[in-house]
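Protein chains: 4
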Amino acid sequence: MDKSLHDHPSTPRTKDEKQALMNRLKRVEGQVRGIQKMVDEDRYCVDILIQISAIQAALKNVGFTITERHIKHCVSDAIQSGEGNETIEELMSVMKQFSK
Amino acid sequence: MDKSLHDHPSTPRTKDEKQALMNRLKRVEGQVRGIQKMVDEDRYCVDILIQISAIQAALKNVGFTITERHIKHCVSDAIQSGEGNETIEELMSVMKQFSK
Amino acid sequence: MDKSLHDHPSTPRTKDEKQALMNRLKRVEGQVRGIQKMVDEDRYCVDILIQISAIQAALKNVGFTITERHIKHCVSDAIQSGEGNETIEELMSVMKQFSK
Amino acid sequence: MDKSLHDHPSTPRTKDEKQALMNRLKRVEGQVRGIQKMVDEDRYCVDILIQISAIQAALKNVGFTITERHIKHCVSDAIQSGEGNETIEELMSVMKQFSK
Numbered sequence: 002m003d004k005s006l007h008d009h010p011s012t013p014r015t016k017d018e019k020q021a022l023m024n025r026l027k028r029v030e031g032q033v034r035g036i037q038k039m040v041d042e043d044r045y046c047v048d049i050l051i052q053i054s055a056i057q058a059a060l061k062n063v064g065f066t067i068t069e070r071h072i073k074h075c076v077s078d079a080i081q082s083g084e085g086n087e088t089i090e091e092l093m094s095v096m097k098q099f100s101k
Numbered sequence: 002m003d004k005s006l007h008d009h010p011s012t013p014r015t016k017d018e019k020q021a022l023m024n025r026l027k028r029v030e031g032q033v034r035g036i037q038k039m040v041d042e043d044r045y046c047v048d049i050l051i052q053i054s055a056i057q058a059a060l061k062n063v064g065f066t067i068t069e070r071h072i073k074h075c076v077s078d079a080i081q082s083g084e085g086n087e088t089i090e091e092l093m094s095v096m097k098q099f100s101k
Numbered sequence: 002m003d004k005s006l007h008d009h010p011s012t013p014r015t016k017d018e019k020q021a022l023m024n025r026l027k028r029v030e031g032q033v034r035g036i037q038k039m040v041d042e043d044r045y046c047v048d049i050l051i052q053i054s055a056i057q058a059a060l061k062n063v064g065f066t067i068t069e070r071h072i073k074h075c076v077s078d079a080i081q082s083g084e085g086n087e088t089i090e091e092l093m094s095v096m097k098q099f100s101k
Numbered sequence: 002m003d004k005s006l007h008d009h010p011s012t013p014r015t016k017d018e019k020q021a022l023m024n025r026l027k028r029v030e031g032q033v034r035g036i037q038k039m040v041d042e043d044r045y046c047v048d049i050l051i052q053i054s055a056i057q058a059a060l061k062n063v064g065f066t067i068t069e070r071h072i073k074h075c076v077s078d079a080i081q082s083g084e085g086n087e088t089i090e091e092l093m094s095v096m097k098q099f100s101k
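Protein chains in written order, with the working numbering: chain V, 2 to 101; chain Z, 2 to 101; chain H, 2 to 101; chain W, 2 to 101.
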């Protein structure tokens, strides 16, 4: 998929939704910096791997939150305007990429 | 696993190894900030999801690099001192966590 | 999730859809038996692991096919009757289970 | 990787190890046939997806069992004969395939 179907969600994210996502992404950013520090201190491989897998889990959850809202708004709106198929195929494509 | 077996790799990471990891983690940090910007600009869900999956892939590759080195040094050294089992079980435990 | 929302898809699978799924599942069954044979012949661990990962890939693709049809029919129909939310939450729940 | 390094594990699997793997693979085979029956009965997509994800989990666990034994025997033996690197790279390659 070269170009996504839209530039913005069909319903804009509320201030609260943005803030909640931002908080989680700030925490992820802090975790990534934490790993940089661990590398700098030459910390044990397994401890670094555990931290990486914590970030993976956090990002996966952010992804699920975004996906659920996407289906509840963008995909639902497209289905209700009778233009669901293209949007559903776009969703499947990103889900496949995620599952790699 | 409450406490890892060691505090440091059995062979310290070289300056080049640290630098290579650091470069990749700096790039990941930049990608995470990129997603924060996308949230701030209320960008399309699918575009954000694609970026998240790019970070997941980058982190997975960092994880593989660390795992490979871990096996080539820490695990190999433990095996050669006849103390492989505990180290291998620790490795399996972190691999299972990673695969979730 | 204790009990799913429905017993059948909102639109029954066609004979062709069933046959296509069945063919793929028969192939998976054959692959599983192939692995049993490999175990019986005490084949090399890595060769068995490669075959297991081929089955995982095949099952994942069957899962995606079923998910896409589920969204195009069951989820879409629920959304059009104004009952999308429960169905979307059920979908998210199974997607999370899949991603483990 | 076109051709694996060996045809058999460096230490043959015991009768008990084979039997334990075989039991788990027989159960997986039964689960795959169970899904065929669900398709035949046109069962609800989500119920089928839950069963597929149960098979994925079972196969992943079989994979971990085989991987752990592989490291404890084949990889350990190679390391002790000073030929660890090639075996470790083969292991990493199959781990990457698994994580897709």
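Don't be surprised by glycine CBs; every beta carbon is placed ideally from N, CA and C.
So, helix, strand or coil for V/E69, using DSSP?
DSSP places V/E69 in helix when its eight states are reduced to three.
Output the boundary residues of the alpha helix (DSSP H) element that contains V/S11.
Annotation for V/S11: no alpha helix (DSSP H) segment contains it, and DSSP assigns it neither H nor E.
Let me know if V/Q20 comes out buried or exposed under the rule of 16 or more other beta-carbons within 10 Å of its beta-carbon.
By the neighbour-count rule (16 or more Cβ atoms within 10 Å), V/Q20 is not buried but exposed.
Give me the Cα-Cα distance between H/P10 and H/E18, rounded to the nearest whole angstrom.
H/P10 and H/E18: Cα-Cα distance of roughly 12 Å.
Check the Cβ-Cβ distances between W/K73 and every residue of chain Z, and say whether any is below 8 Å.
So yes, W/K73 belongs to the interface.
Distance between H/G85 and V/S77 (C-alpha atoms, nearest Å)
Taking the straight line joining both Cα atoms gives about 8 Å.
Looking at chain W, which residues of the segment 15–34 of chain Z have a Cβ within less than 8 Å of any of its Cβ atoms?
The segment 15–34 of chain Z vs chain W, Cβ under 8 Å: nothing.
Would you kindly report the start and end of the unbroken alpha helix (DSSP H) that includes W/V40?
Per DSSP, W/V40 belongs to the alpha helix (DSSP H) from 16–41.
Expressed to the nearest angstrom, what Euclidean distance is found between the alpha-carbon atoms of Z/C46 and V/P13?
Near 11 Å, if we compare the C-alpha coordinates of V/P13 and Z/C46.
Please check if any C-beta of chain Z sits within less than 8 Å of the C-beta of W/E69.
Closer than 8 Å to some Cβ of chain Z, the Cβ of W/E69 qualifies, so yes.
If you draw a straight line from the alpha carbon of Z/E90 to that of V/V40, how long is it in whole angstroms?
Rounded to the nearest angstrom, the two C-alpha atoms are 23 Å apart.
Can you tell me which of W/L22, W/K97, W/I80, W/V33 puts its alpha carbon nearest to the alpha carbon of H/D43?
Nearest option by C-alpha distance: W/L22.
Using a cut-off of 9 Å between C-beta atoms, extract the partners of V/M93 located in chain H.
Within 9 Å Cβ-Cβ: F65, T68, E69, I72.
Could one say the Cβ of Z/D78 lies closer than 8 Å to chain V's Cβ atoms, at least one of them?
Not flagged as an interface residue toward chain V: Z/D78, since no C-beta distance is shorter than 8 Å.
How is H/K101 classed by DSSP in three states: helix, strand or coil?
Under the three-state reduction of DSSP, H/K101 is assigned to coil, being neither helix nor strand.
Any C-beta of chain B under 8 Å from that of Z/Q57:
Protein chains V, Z, H and W are contained in the structure displayed, whereas chain B is not.
According to DSSP, is W/K4 helix, strand or coil?
In the structure shown, W/K4 sits in coil (DSSP, three-state: anything other than H, G, I, E or B).
So does the segment 49–66 of chain V actually touch the segment 57–77 of chain Z, counting three or more Cβ pairs closer than 8 Å?
Between the segment 49–66 of chain V and the segment 57–77 of chain Z, the count of Cβ pairs shorter than 8 Å is three or higher; the stretches touch.
Give a yes or no on whether the minimum CB-CB distance between W/K97 and chain Z is below 8 Å.
Yes - at least one Cβ of chain Z is within 8 Å of the one on W/K97.
Rounded straight-line distance, which links the Cα of V/L26 to that of V/V33
In a straight line, the C-alpha of V/V33 is about 10 Å away from that of V/L26.
Assuming V/T88 contacts V/L6 under a Cβ cut-off of 8 Å, what Cβ separation, rounded to an integer in Å, is found between them?
Confirmed, Cβ separation roughly 6 Å.
Closer than 9 Å at the beta carbon, the chain W residues around Z/I89:
Chain-ordered, the chain W residues with CB closer than 9 Å to the CB of Z/I89 read E69, I72, K73, V76, S77.
Could you check if V/G64 is buried or exposed, using at least 16 other CB atoms within 10 Å of its CB as the buried criterion?
So V/G64 ends up on the buried side.
H/Q52 and V/Q81 - do their beta-carbons sit closer together than 8 Å?
No, the Cβ-Cβ distance between V/Q81 and H/Q52 is not below 8 Å.
Let me confirm a value: H/T68 is counted as buried when at least 16 other C-beta atoms fall within 10 Å, else exposed. Which label applies?
The residue in question, H/T68, is buried, as its Cβ has 16 or more Cβ neighbours within 10 Å.
Name, please, each residue of chain V whose Cβ falls closer than 8 Å to the Cβ of Z/S82.
Within chain V, no residue has its CB atom less than 8 Å from the CB of Z/S82, the nearest being about 17 Å off.
Whole angstroms is fine: what's the gap from H/K101's alpha carbon to Z/H71's?
Cα to Cα, H/K101 sits roughly 24 Å from Z/H71.
Pick out whichever of V/T15, V/E30, V/V29, V/L50 has its Cα sitting closest to the Cα of Z/Q94.
First, the residue type needs correcting, since residue 94 of chain Z is Ser and not Gln in the sequence shown. Taking only the C-alpha atoms, the option nearest Z/S94 is V/L50.
If we ignore side chains and look at the alpha-carbon of each, how far apart do Z/D8 and Z/C75 end up?
The alpha-carbon atoms of Z/D8 and Z/C75 are separated by roughly 11 Å.
Residues of its chain near V/A79, where Cβ-Cβ distance is below 7 Å and the 5 sequence neighbours each way are ignored
Excluding residues up to 5 positions away in sequence, G85, T88 lie with their Cβ nearer than 7 Å to the Cβ of V/A79 in the same chain.
Where the alpha helix (DSSP H) containing Z/S77 begins and where it ends
Counting along the chain, the unbroken alpha helix (DSSP H) around Z/S77 starts and ends at 77–81.
I need the DSSP call for W/E84, collapsed to helix, strand or coil.
Residue state, collapsed to three classes: coil.
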